[in-house]
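Engineer: Protein sequences, first through last, are from chains A and B.
Going letter by letter, the first sequence gives residues -8 to 134 in my numbering.
Going letter by letter, the second sequence gives residues -8 to 134 in my numbering.
Even for Gly, the Cβ is constructed at its ideal location relative to N, Cα and C.
Nothing here was measured: the structure is a model prediction, and the numbers come from that model.
Take a look at this one; I'll ask things after.
Protein chains: 2
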Amino acid sequence: MNEEFTIGQVAEKTGLSIHTIRYYEKEGILPIIKRNKSGTRIFEYEDIQWINLLNCLRNTGMPIAQLKEYADLTLEGDQTGEKRLEILKKQKEKIEEQVNTLKSHIDLLNLQMEWYPRLKKVNIQFDHVMKTWLKDGKLPPEL
Amino acid sequence: MNEEFTIGQVAEKTGLSIHTIRYYEKEGILPIIKRNKSGTRIFEYEDIQWINLLNCLRNTGMPIAQLKEYADLTLEGDQTGEKRLEILKKQKEKIEEQVNTLKSHIDLLNLQMEWYPRLKKVNIQFDHVMKTWLKDGKLPPEL
DNA sequence: CTACAATCTAGAGTTCACTCTAGATCAAGT
DNA sequence: ACTTGATCTAGAGTGAACTCTAGATTGTAG
C-alpha cells in the first residue's frame, strides 16, 4: 500500500490532464505532494483518493473556490470534521436536485419528441403542458 | 393565446437574463422575434416555449453551437423533423447517462460521509472501495 | 408634459477552468 | 554515455458563455 505514482500515471487513473493536476496543486486544492530530490512529484495512493473526491465534487458543479475551502478545512485537521461533513451533505442534496431537474428535462424532451410523429393532436397537449411548465415549473400532475 | 411579452417579462418567466436573451438572438438560436415600429422586441407565447426548450438543452450541457444547428434545422422546415428527433433522442440519452453518473457520485459522497463518524473501521472499507473505484470506475458489487 | 423606468445597439470586459508554450532538467532503457 | 520521452516552472493564451457599458431612444404613470 505504499505504491508511488508519477503525475502521468495519476492523470491516466483520474481522467484529469497533467496540466490540470498541476493547476489544481497551484490552486491549493491538493494536499502537499511529495517530491523527489530533483523536484519531480511523487503521488501516493491517498493523493489519488483525494483527486477522485475532487473530481466528484467538480463534476457536480462545485467551483474551485469552494473546493479550496474544503481543502483548507481538511488541512486544519480533525476539529473541522463537522463542517466538512456539512459541505458534503449539501453537495449531495444539490446532486439529488440535479437528478430531479434532469428527470424533468427528460420529460420535456420526451414530450417534444412525441410532438413530431403525431403533430396536430399532440400540439394541443404540448401547449397545455408548456403552460403548466411556465406557471409552476413542472409537468402537469396528470402526466 | 395571442399574448405578447416584453423582454423583461420573458427574462422573468424563463430565468434567463435580458442580456442573455439578446445574446441568444444574436447567436441565431432564437426564432425571428417580432418588433414594434420603433424596434422594441415583442415576444409571443411560442417564443417562450422555444426558450424553455433551449434552456433544457443548455442545462444538460448542449453547447450553443449545437443549439444553432438545431435552430437552423427547424428553420428549414418539416422535412428536417427526423434529424431533429435524432438530436433530441441523443440528448435524452446523454441526460440519462448524467443521471447515472450523478448517482454514483452520490454513492461516493455517502461513503466519504460515513467516513467521519466511524473513522478507523470504515477507513479500511473505504480504502477497498476506492481501489475498486480506481480499477473499474464503479463501486464494488457488495455495496 | 415630465419623469423615470425599460428598452435598444455595438462592442468591450469578465469569469471560469483549464490548456498550452518555451526552455530547461531529469529518468530510464540500450 | 546517449537518446528519448517525461517532467519541471512561470506565465501566456484559449474558449465558452455570458455580462456589462455607454449613450441613445422609448413607453408609461402621474
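Kindly say whether H10(B), judged by its beta-carbon, lies nearer than 7 Å to any beta-carbon of chain A.
Structural biologist: By this cut-off, H10(B) is not an interface position.
Engineer: Could you tell me if H96(B) is buried or exposed, where buried requires 16 or more neighbouring beta carbons within 10 angstroms of its beta carbon?
Structural biologist: Buried, since its Cβ has 16 or more Cβ neighbours within 10 Å.
Engineer: Taking only beta carbons into account, state which residues of the region 52 to 77 of chain A come closer than 7 Å to chain B, listed in chain order.
Structural biologist: Those would be G72, L76, in chain order.
Engineer: One question on the structure: do L76(B) and M104(A) come within less than 7 Å of each other, judged by their Cβ atoms?
Structural biologist: Contact flag set, yes.
Engineer: May I have a chain-ordered list of the alpha helix (DSSP H) segments no shorter than 4 residues that lie completely inside the region 3 to 36 of chain B?
Structural biologist: Runs found: 9 to 17.
Engineer: Please decide whether I97(A) counts as near chain B, where near means a Cβ-Cβ distance under 7 Å.
Structural biologist: Chain B contact via Cβ: present.
Engineer: Whole angstroms are fine: how far does the CA of A62(A) sit from the CA of Q82(A)?
Structural biologist: Each residue's alpha carbon lies about 15 Å from the other.
Engineer: According to the neighbour-count rule (16 or more other Cβ atoms, all chains shown, within 10 Å of its Cβ), is R32(A) buried or exposed?
Structural biologist: So R32(A) ends up on the buried side.
Engineer: With DSSP as the reference, please indicate the residues paired to E73(A) in a beta bridge.
Structural biologist: According to DSSP, which records beta bridges pairwise, E73(A) is partnered with nothing at all.
Engineer: Can you check DSSP and say which residues form a bridge with E84(B)?
Structural biologist: Per DSSP, none; premise fails for E84(B).
Engineer: What residues from the region 40 to 51 of chain B come within 7 Å of chain A, judged by C-beta to C-beta, listed N to C?
Structural biologist: Cβ contacts with chain A come from Q40, N43, L44, C47, N50, T51.
Engineer: To the nearest angstrom, report how far apart L58(B) and I20(B) are at their CA atoms.
Structural biologist: One C-alpha to the other measures close to 6 Å.
Engineer: Applying the 10 Å Cβ sphere with the 16-neighbour rule, what's the burial state of A2(B)?
Structural biologist: Answer is buried; the Cβ neighbour count reaches 16.
Engineer: Quick one: what does DSSP say E67(A) is sitting in, helix, strand or coil?
Structural biologist: It is helical.
Engineer: Relative to the C-alpha of Y15(A), which residue among K28(A), N27(A), I(-2)(A) is closest?
Structural biologist: Among K28(A), N27(A), I(-2)(A), the Cα nearest to that of Y15(A) belongs to I(-2)(A).
Engineer: Pull out every residue of the region 84 to 95 of chain A whose Cβ sits closer than 9 Å to any Cβ of chain B, in chain order.
Structural biologist: Here the close residues are I86, E87, Q89, V90, T92, L93, K94, S95.
Engineer: Residues of chain A with CB under 9 Å from K80(B), in chain order?
Structural biologist: Simply L100, M104.
Engineer: Counting C-beta neighbours from all protein chains within 10 Å, is the total for L66(B) 16 or more, i.e. buried, or is it exposed?
Structural biologist: Label assigned to L66(B): exposed.
Engineer: Could you pull out every residue in the same chain whose Cβ sits closer than 6 Å to the Cβ of K25(A), ignoring the five residues on either side in sequence?
Structural biologist: Only I33 meet the Cβ criterion.
Engineer: Does the Cβ-Cβ distance between T71(A) and L64(A) come in under 7 Å?
Structural biologist: Going by C-beta atoms, T71(A) is nearer than 7 Å to L64(A).
Engineer: How long is the line joining the alpha carbons of K74(A) and E60(A), rounded to whole angstroms?
Structural biologist: So the alpha carbons of these two residues sit roughly 10 Å apart.
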